[in-house]
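Undergrad: For the sequence shown, position 15 (counting from the first letter as 1) is numbered 1188 according to my numbering, and the numbering increases by one without interruption. Idealized CB from N, CA, C, for every residue including glycine.
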Amino acid sequence: MGRSRQPTIHEVVERVRATLGEQWIPRIYGEHILTGRTRRYPLGASNHKGSVEINYTLLGIELKIGRRRLLVPDWATARYLSVFARIGVDAVAVPYDITRISSLADELESSWQRMMMLAEHYSEQRSARFTARVKSQLKARLREELTALGAGRPYPEFATSTKVYRRSPAPPGHQ
1174 MGRSRQPTIH
1184 EVVERVRATL
1194 GEQWIPRIYG
1204 EHILTGRTRR
1214 YPLGASNHKG
1224 SVEINYTLLG
1234 IELKIGRRRL
1244 LVPDWATARY
1254 LSVFARIGVD
1264 AVAVPYDITR
1274 ISSLADELES
1284 SWQRMMMLAE
1294 HYSEQRSARF
1304 TARVKSQLKA
1314 RLREELTALG
1324 AGRPYPEFAT
1334 STKVYRRSPA
1344 PPGHQ
């Protein structure tokens, strides 16, 4: 009897992506985040190799990416940004409407956790090194797709509907 062929790293990555479907992080980012008003937030996480942590300090909440510390306004924003920091994105679009950030952070975090569990599940018959390479390739794929989607504008657009009224000419003798 012949042995069945083991899937390659690329095949496992594609299988994880297909399984996630609507929960694939670039899809969430493109359909739920970039469609609204956003502002660009520079993370500078492309060359970090360390961990990503959220810390409470006397000054507020900070996101620690490797050795760098970024002060963030609230817990939801820290959770939101931590997902993109783990992926290693340089800059990311943050929704201008702060009421949406918490639910988006929930969705992104659950997608991240599910992706990591699927990577382990689909490579459970393989070595730990193989699993680590699958996760690394998944992050690279996410980073590539998120970079292609872009990080939004540096500042949010405001719909200003100001009317310009023409001044009537001044009567003779008045200036």
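#1: For the 8 Å Cβ check, are there 3 or more pairs between the segment 1227-1243 and the segment 1178-1187?
#2: Examine the Cβ distances between the segment 1224-1231 and the segment 1293-1303 and report whether three or more of them are shorter than 8 Å.
#3: Would you mind giving the Cβ-Cβ distance between Ala1218 and Asp1279, rounded to the nearest angstrom? I have them listed as a contact below 8 Å.
#4: Three or more C-beta pairs closer than 8 Å, one from the segment 1199-1206 and one from the segment 1241-1248: is that the case here?
#5: Alpha carbon to alpha carbon, what distance is there between Val1189 and Met1288?
#6: Would you mind listing the alpha helix (DSSP H) stretches within the segment 1230-1291 that are 4+ residues and don't spill past its ends, in chain order?
#7: Going by alpha carbons, who is nearest to Arg1213 out of Val1267, Val1186, Glu1184, His1183?
#8: Label Gly1194 either buried or exposed according to how many other C-beta atoms from any shown protein chain fall within 10 Å of its C-beta, with 16 as the threshold for buried.
#9: DSSP on Pro1180, reduced to helix/strand/coil?
TA: Let's see:
#1: no
#2: no
#3: Counting from one through the sequence shown, the residue named residue 1218 turns up at place 45. Counting from one through the sequence shown, the residue named residue 1279 turns up at place 106. Not quite, the Cβ-Cβ distance comes to about 21 Å (not below 8 Å), so this is no contact.
#4: no
#5: Stepping through the sequence shown from its first residue, residue 1288 is reached at position 115. Stepping through the sequence shown from its first residue, residue 1189 is reached at position 16. In a straight line, the C-alpha of Met1288 is about 7 Å away from that of Val1189.
#6: 1248-1260
#7: Here residue 1213 corresponds to residue number 40 of the sequence shown, with the count starting at 1. Comparing Cα-Cα distances from Arg1213 to each of Val1267, Val1186, Glu1184, His1183, the minimum goes to Val1267.
#8: Indexing the sequence shown from 1 puts residue 1194 at position 21. Label assigned to Gly1194: exposed.
#9: Here residue 1180 corresponds to residue number 7 of the sequence shown, with the count starting at 1. Correct three-state label for Pro1180: coil.
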